[in-house]
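Note that UniProt numbering has the sequence shown beginning at 1, numbered continuously upward. All C-beta atoms in this analysis are idealised placements derived from N, C-alpha and C, irrespective of residue type, glycine included.
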Amino acid sequence: MSRFSNELRIARTLFLRLVLTLFLISILWVLIYRWFSPPATLLMLQRRAAPAQLDETGKTKIRYDFVALEDVSYHVPLALVAAEDQLFTHHNGFDYDAIFKAFQKNRKGRKIVGGSTISQQVAKNVFLWHGRSYIRKVAEAYFTMLIELLWSKHRIMEVYLNIAEMGDKVFGIEEAAQKYFKKSAKDLNAYEAAAIAAVLPNPIKFSVTNPSGYITRKRAKIRKNMNNLGGKVFIKPLINNEI
Numbered sequence: 001m002s003r004f005s006n007e008l009r010i011a012r013t014l015f016l017r018l019v020l021t022l023f024l025i026s027i028l029w030v031l032i033y034r035w036f037s038p039p040a041t042l043l044m045l046q047r048r049a050a051p052a053q054l055d056e057t058g059k060t061k062i063r064y065d066f067v068a069l070e071d072v073s074y075h076v077p078l079a080l081v082a083a084e085d086q087l088f089t090h091h092n093g094f095d096y097d098a099i100f101k102a103f104q105k106n107r108k109g110r111k112i113v114g115g116s117t118i119s120q121q122v123a124k125n126v127f128l129w130h131g132r133s134y135i136r137k138v139a140e141a142y143f144t145m146l147i148e149l150l151w152s153k154h155r156i157m158e159v160y161l162n163i164a165e166m167g168d169k170v171f172g173i174e175e176a177a178q179k180y181f182k183k184s185a186k187d188l189n190a191y192e193a194a195a196i197a198a199v200l201p202n203p204i205k206f207s208v209t210n211p212s213g214y215i216t217r218k219r220a221k222i223r224k225n226m227n228n229l230g231g232k233v234f235i236k237p238l239i240n241n242e243i
């Protein structure tokens, strides 16, 4: 065997070992978050590192409080499904029709339109860095398949409504409820849940308490979709972990 062939064999072996190691780490990572709450996301760390996020004592202003799905008003997951992903309880992590429509719109116009499901948003927000690249999209698809395989829909929704950015320095529904309505997430009504869902996925640009005309119309559409989906009867199986 030539020296080159031997080096090629060693390189191939090292590469395969690296791939296997990364695969096992990713499986373990996803399994850990199946039972334990993510301590933070990369976006939280990014916000926390920004000088503007520090108060006069040098402490972070980022607010994040993980709560169980059972301790959240049923209006919240219903509003999020109505606003972000109406096929959430039925798809395998991907809404291919929405992806195709987003692709078509992005080809025709300058405005970038997303077609991400709630599962995809959890995958990229919990496990990945922020940005736009083919590598990240492939990694997002991979982690989406993993969480759909290893988590329940109940867990995916629970993590989503806790790690989603819902305002300036505000992460998760409990902190959003406290900031905007001075109450716990378990006490939010349908109007309030829709108001929070309406500013996603850009809660920094749009306001929950001082909505623009666009957000007001979007909030009304979400309320209509919540009713059309079936309200409490529709969302209860998800909350009860029966899906």
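Three-state secondary structure (DSSP) of residue i
i, result
"V159", "helix"
"E165", "strand"
"V67", "coil"
"F171", "strand"
"P38", "coil"
"K218", "helix"
"Q120", "helix"
"Y74", "coil"
"Q86", "coil"
"S212", "coil"
"K232", "helix"
"I204", "coil"
Sequence-distant residues of the same chain with beta carbon closer than 7 Å to residue i, five excluded per side
i, result
"I163", "P38, T41, N125, V126, F171, G172"
"E70", "I239"
"Y142", "none"
Which listed residue (the options) has its alpha carbon closest to that of residue i
i, options, result
"I99", "F88, H91, S116", "S116"
"residue 255", "I222, I204, L43", "Examination of residue 255 is not possible in this model, given that the chain is present from 1 through 243 alone."
"G131", "L43, H90, N6", "L43"
"Q178", "R155, V67, E84, G230", "V67"
"R155", "F15, R17, F36", "F36"
"A139", "L45, T21, K153, Q120", "Q120"
"I243", "L18, S26, M157, A49", "M157"
"P201", "R17, K232, V81", "V81"
"N227", "S212, V208, T209, A194", "A194"
"P237", "H90, D187, L45", "H90"
Test item: CB-CB of residue i and residue j under 8 Å
i, j, result
"V159", "V122", "yes"
"L128", "R136", "yes"
"A185", "V30", "no"
"D65", "E165", "no"
"Y180", "I204", "no"
"N241", "S152", "yes"
Any chain D beta carbon closer than 8 Å to residue i
i, result
"P38", "Protein chains in the displayed structure number just one, and chain D is not present."
Own chain residues within Cβ distance below 8 Å of residue i, not counting five before or after
i, result
"Y74", "K232, I235, K236, I239"
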